[in-house]
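*Asks:*
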Amino acid sequence: MDGGPRVPEQRRAGSGPVAEPGPLRFGVLGPVRARRGEEALPTGSPQQRALLAALLLREGRTATAAELIDALWGSEPPSQALAAVRTYASRLRKILDPGVLVSESGGYAVRGLGEGALDLAVAQDLAAEAEKARGTGDLGRARSLLNQALALWDGEPLAGVPGPYAEAQRARLEEWRLGLLETRLDLDLEQGGHAEAVSELTALTAAHPLRERLRELLMLALYRSGRQAEALAVYADTRRLLAEELGVDPRPGLSELQQRILQADPSLAEPSSPMAEPTAAPVRPAQLPASVPDFTGRSAFVSELTEVLSSASEAEGRVMAVSALAGIGGVGKTTLAVHVAHRARGAFPDGQLYVDLQGAGPRPAEPETVLGSFLRALGTPDTAIPDSLEERSALYRSVLDGRRVLVLLDNAKDAAQVRPLLPGTEGCAALVTSRVRMLDLAGAHLVDLDVMSPDEALALFTRIVGEERVAAEREAALDVVAACGFLPLAIRIAASRLAARRTWTVSVLAAKLADGRRRLDELQAGDLAVKATFELGYGQLEPPQARAFRLLGLADGPDISLAAAAAVLDLPAEETEDLLESLVDTSLLESAAPGRYRFHDLVRLYARACAERDERPPSEREAAMSRLLDFYLATAAGVYAIERPGDRTVAHLEQSRYEGQPFPDAAKATDWLHAEAEPLLACVQQSLRPTTLRRAVDLLLVTIDLAESGAGSRRYETTAMAACESAAAERDRHAEMRARITLAQVLSQSGRFEAAEREAKRADSLNEAAVDPWTSSAAPNQLGIIAICRSMYADAERYLLRAIQAFQADENKPGEASAVCNLSRTLASMGRSSQAIELAERGIRIYDELGMSVRLANARYASGIVLTQAGRLPEALEQLDRALQIFTESRQRLWEGTTHFRIAQVHLSARRPAQAAQHAEQALAIGCIGGDWMRANTLTLLGKALGALGQPDRARACWLDALRIYEATGSAEAGEVRSLLSPIAAA
């Protein structure tokens, strides 16, 4: 940054008189411009602009007439050059403020400009400030300042200005711009932005192939992104290019970096600057739940655990500490862990993470899901979070390295669930609670938490109920805590109920607990002891509260919304909210967030036991779950209809007997769908029984966007497979063929086309008599899509013509448009371009007339592919750009990535390999519809672009990665990649 051109006199000159309506502003980092306020001033002919530029760049010094003539015309000036210079100066003086362009000693100068009047001066100031910020370690500010400086460029400096002086200045300013850009990219890498930098660096190295610093930064960015082979290939390409073009070897720094990559130098994985900071202030999560104000007892455990945790933060070189608390449900593991974590938080200034792993429930939290949440809490952007458990765990440990963070893993199922979530670095600590002893958690400090001592139990009871009431009935209070089995959760529930009823005495409560018919033997091990404590709270509920408690416990989802709870209870929302809030007051229910409620996992089990025992008539249990399914089906169908106006799918769904939730707009509808993803799919899986099977499958059908957006594709696939199995077992052909089509869709989206084809063909065969209009159209349409992906175009045409006919018979215009767009892609691949383009335009017209957004994007996407194959590349790029904008606005991340891939294809066909490589990198970073198969396609395309850019070694690395994926999946595209590799291998 020190080598930038300077114009200090211009910036330091006194501020002259300011002409209305605003001060003078000049630009040289693009076309030479002059403005007064918002008014653009005429700067005249190219030679006149050249004179103005020469004066602006002379740092306020006087330029003689001879110097200006040389600047404008060089060694061959016209005969009237001096007169021309005087004319230009006179014209400029008329448009500028008085006293700005002055005559002096036979020459001219520009003086009296205000602060920031010249864009170059502003850029110089910003660059100098960035240098200072970097020197003090404020890398985020330095990067921001450099971006501001670079944003001042508006194309080529001094654009259109003739003369040797302007040419020399252009080269100098461009060199300075590249230097600033390299510095900013260096800051990107120092702050961990390597994945995002690869795309930009790929384009820059293509534009400036001999600039070694850019190559060096690209190698480092690729290496830190886990793409070592490509990083080494960049060096090989650079070495060959320098030898061919300049006859020299790479500079020592580049060669040294290659050796460090070959040796897997650990220091390369970290930012090069020891003072590196993230672009924003470090994220310090503070996720610990509130500690209960009446925490009582456990002093020995508190001291022991606090000492273990604090020692992990203080000891140099020590592996992070892990403490695991085990005990039966309700023994107070979470309360103790949260209390200890708050006491020790001072030793962990970089933050505290918390998660309920739901280990005692039917669906424990997936470690990869938890890691995604933790990484986001630690400041990692969604685009930088990898997919696999192993990669997320590795990134999590890297993000925590050098930080002092406490991680509280509550309610763990087993050690296998916990291991990927441990920090693994010194200075950090983990506190784990579980119902099981984690003997197989290596190095863990194990603590077995038993029930409270009688004194501790009585102290807890007293703090909640009040000293006066307990002192008057001490023996009765001892009877109460003994009846609770000295379990903290049971004591807390009993004491809270007593505290809320001022007319009760402690003896009344003790008498209730003494009744064996009202509670289980709390002295038994395991869940029975916990159930006894819940029996106390449940037995004291009013009948409407008890009914709500029982029925809400039947739902499998991790939580439930107020609207869904109202459906379960068949009550108005206001009355439902009152009941649920009263249950929250009794600690039998938790308020997860405004309008959302959840059970502790053991309380849910108890609630279900109560429903089986107490609900009358017993059919009400099934009726409640049926109402919940109806609510979800009606609401999800409404969301589907909002997203796809005119689609006849909703007309073919099973009749819902409960109204759905209305939405004011499409955005709110989409938000609901994604927020309810887990409860929706849990309801489907729970409803796969004969009486509700068809409605459950239809709910799966209308929530396909959960799989298509990538938000819940894994859980969706698992649920779809279960639906297929249940429908087949029940021999319900109607439900089975719909379930198999939804499974085929999600399998196609992940690139498993053979499995998808089997499911779709099975659905098609089940519908031989065309008894289901939806399957009659959806099955051949899906088979056509699969055939396109497998390059079986004759089959695709046959299937899609069937689909179009079926959609038309059903008067389903959006469905028809989908099949028409798919058919257009098929015909284009068969060389029938004119028909293909006509069909693509027809599909766009249908969607446009229906006012559909995301589906219109799908049509434009298909049109872009067809136009690309027809060679009409500008039109193809226009369609794909419009599709990309819609996908981005609609949060369809996988479609966004897939469209980047198609745009890259257009650029490659147009012989713009640099742009192709840039979009291919973005597709790789985001992900695509088609899973690993599409990743391999993208790597193949990226390799072609890199080859065209003169980077054969990096191209080979991409093709080798693609070949591994194709061979693993048995894809036919492996042959093309082998042929691409053969000439390189032979060379």
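Residue numbers (the numbering used here): 51 to 1037.
We put the CB at the ideal spot given by N, CA and C, even for glycine.
Helix, strand or coil: which one does DSSP assign to PRO212?
*Replies:* Note: PRO212 maps to coil in three-state DSSP.
*Asks:* Nearest by alpha-carbon distance to LEU445: which of LEU456, PRO431 and LEU458 is it?
*Replies:* Ranking the options by Cα distance to LEU445, first place goes to PRO431.
*Asks:* May I have the straight-line CA-CA distance separating PRO316 from ARG334, to the nearest angstrom?
*Replies:* Looking at the two C-alpha atoms, the distance is approximately 26 angstroms.
*Asks:* When DSSP labels each residue in this structure, what does THR626 get in the three-state scheme?
*Replies:* Residue state, collapsed to three classes: helix.
*Asks:* Quick check: what's the CA-CA separation for LEU338 versus PHE345?
*Replies:* LEU338 and PHE345: Cα-Cα distance of roughly 16 angstroms.
*Asks:* Alpha carbon to alpha carbon, how far is ALA281 from ARG962?
*Replies:* In a straight line, the C-alpha of ALA281 is about 22 angstroms away from that of ARG962.
*Asks:* Measure the beta-carbon distance from LEU756 to LEU723 and round it to whole angstroms, keeping in mind my assumption that it falls under 8 angstroms.
*Replies:* Their Cβ separation, rounded to whole angstroms, is 7 angstroms, which keeps LEU756 and LEU723 in contact under 8 angstroms.
*Asks:* Report back the beta-carbon spacing between GLN976 and ARG943 to the nearest angstrom; my notes put them in contact at under 8 angstroms.
*Replies:* Before going on, a small fix: residue 976 reads as Ile here, not Gln. With 8 angstroms as the limit, ILE976 and ARG943 qualify as a contact, their Cβ atoms being about 6 angstroms apart.
*Asks:* Mind reading off the beta-carbon distance from LEU251 to LEU268? Whole number of angstroms is fine, and I expect it under 8 angstroms.
*Replies:* About 4 angstroms; that satisfies the 8 angstroms criterion.
*Asks:* Looking only at its own chain, which residues have a Cβ that is under 7 angstroms from the Cβ of GLU939, when we skip the five neighbours before and after it?
*Replies:* Excluding sequence neighbours, GLU939 sits near nothing in its chain.
*Asks:* Can you tell me whether DSSP reads ARG453 as helix, strand or coil?
*Replies:* Coil.
*Asks:* Where do the ends of the alpha helix (DSSP H) carrying ILE702 lie?
*Replies:* One detail in the question is off: residue 702 reads as His in this sequence, not Ile. From DSSP, HIS702 is part of no alpha helix (DSSP H); its letter is neither H nor E.
*Asks:* If you draw a straight line from the alpha carbon of LEU202 to that of GLY77, how long is it in whole angstroms?
*Replies:* The straight-line gap from Cα to Cα measures roughly 9 angstroms.
*Asks:* Which runs of the alpha helix (DSSP H) spanning at least 4 residues fall entirely within the segment 267-303, listed in chain order?
*Replies:* Listed in chain order, they are 278-295.
*Asks:* Quick one: what does DSSP say ALA605 is sitting in, helix, strand or coil?
*Replies:* DSSP places ALA605 in coil when its eight states are reduced to three.
*Asks:* Whole angstroms are fine: how far does the CA of LEU189 sit from the CA of ALA326?
*Replies:* In this prediction, ALA326 scores a pLDDT of 40, lower than 50, which makes its location untrustworthy; the coordinate-derived value is nonetheless stated afterwards. When rounded, the distance between both Cα atoms is 6 angstroms.
*Asks:* In terms of alpha-carbon separation, which member of PRO96, GLY80 and LEU74 lies closest to GLY87?
*Replies:* Residue LEU74 is the option with its Cα nearest to GLY87.
*Asks:* Relative to the alpha-carbon of PRO644, which residue among LEU630, ALA789 and ARG191 has its alpha-carbon at the smallest distance?
*Replies:* Per the Cα distances, LEU630.
*Asks:* Strictly by DSSP, which residues pair up with THR483?
*Replies:* BP columns for THR483 point to LEU375.
*Asks:* Less than 8 angstroms between the CB of LEU743 and some heavy atom of the ligand HEM, yes or no?
*Replies:* This structure simply doesn't include the ligand HEM, nor any ligand for that matter.
*Asks:* Need the endpoints of the alpha helix (DSSP H) that GLU154 sits in, please.
*Replies:* First-last for GLU154: 151-154, but that is the beta strand (DSSP E), not the alpha helix (DSSP H).
*Asks:* By the three-class DSSP mapping on this structure, what secondary structure does GLN402 have?
*Replies:* Strand, per DSSP.
*Asks:* Under three-state DSSP, which class holds PHE511?
*Replies:* Helix, per DSSP.
*Asks:* For CYS478 and ASP400, what's the separation of their Cα atoms in angstroms?
*Replies:* Cα to Cα, the separation comes out at about 9 angstroms.
*Asks:* With a Cβ-Cβ cutoff of 9 angstroms, do ARG646 and LEU612 count as a contact?
*Replies:* The answer is yes: Cβ separation under 9 angstroms.
*Asks:* Pick helix, strand or coil for GLY477, following the three-state DSSP scheme.
*Replies:* Coil.
*Asks:* Can you tell which of TYR690, GLY801 and SER737 has the C-alpha that lies nearest to the C-alpha of ALA719?
*Replies:* When each option's Cα is compared against that of ALA719, the closest is TYR690.
*Asks:* Specify, as a first and last residue, the run of the beta strand (DSSP E) that GLY77 falls within.
*Replies:* Here the beta strand (DSSP E) through GLY77 covers 74-77.
*Asks:* Does the beta-carbon of ALA330 have 16 or more other beta-carbons within 10 angstroms, so that it is buried, or is it exposed?
*Replies:* Summary for ALA330: the model assigns pLDDT 43, below 50, so the residue's position carries little reliability, and this model does not support an answer.
*Asks:* Would you identify the three-state DSSP class for HIS495, choosing helix, strand or coil?
*Replies:* It is a strand residue.
*Asks:* For VAL248, count the other beta carbons within 10 Å of its own beta carbon; 16 or more makes it buried, fewer makes it exposed. Which is it?
*Replies:* Counting Cβ neighbours within 10 Å, VAL248 comes out buried, since at least 16 surround it.
*Asks:* Name the two residues that bound the continuous alpha helix (DSSP H) containing LEU168.
*Replies:* That residue, LEU168, is in no alpha helix (DSSP H); it is neither H nor E in DSSP.
*Asks:* Bridge partners for ILE1044 per DSSP, in chain order?
*Replies:* With the chain represented from 51 up to 1037, any question about residue 1044 goes unanswered, as that position is not in the structure.
*Asks:* Pick out whichever of ALA926, GLY801, GLY1000 and ARG932 has its Cα sitting closest to the Cα of LEU917.
*Replies:* For the residues ALA926, GLY801, GLY1000 and ARG932, the minimum Cα distance to LEU917 belongs to ALA926.
*Asks:* Roughly how many angstroms separate the alpha carbons of MET675 and ALA725, rounded to a whole number?
*Replies:* Their Cα atoms are separated by approximately 20 angstroms.
*Asks:* Using alpha carbons as the reference points, say which of THR741, ARG783, ALA779 and CYS733 lies closest to THR1038.
*Replies:* It is not possible to answer for residue 1038, since the shown part of the chain is limited to 51 through 1037.
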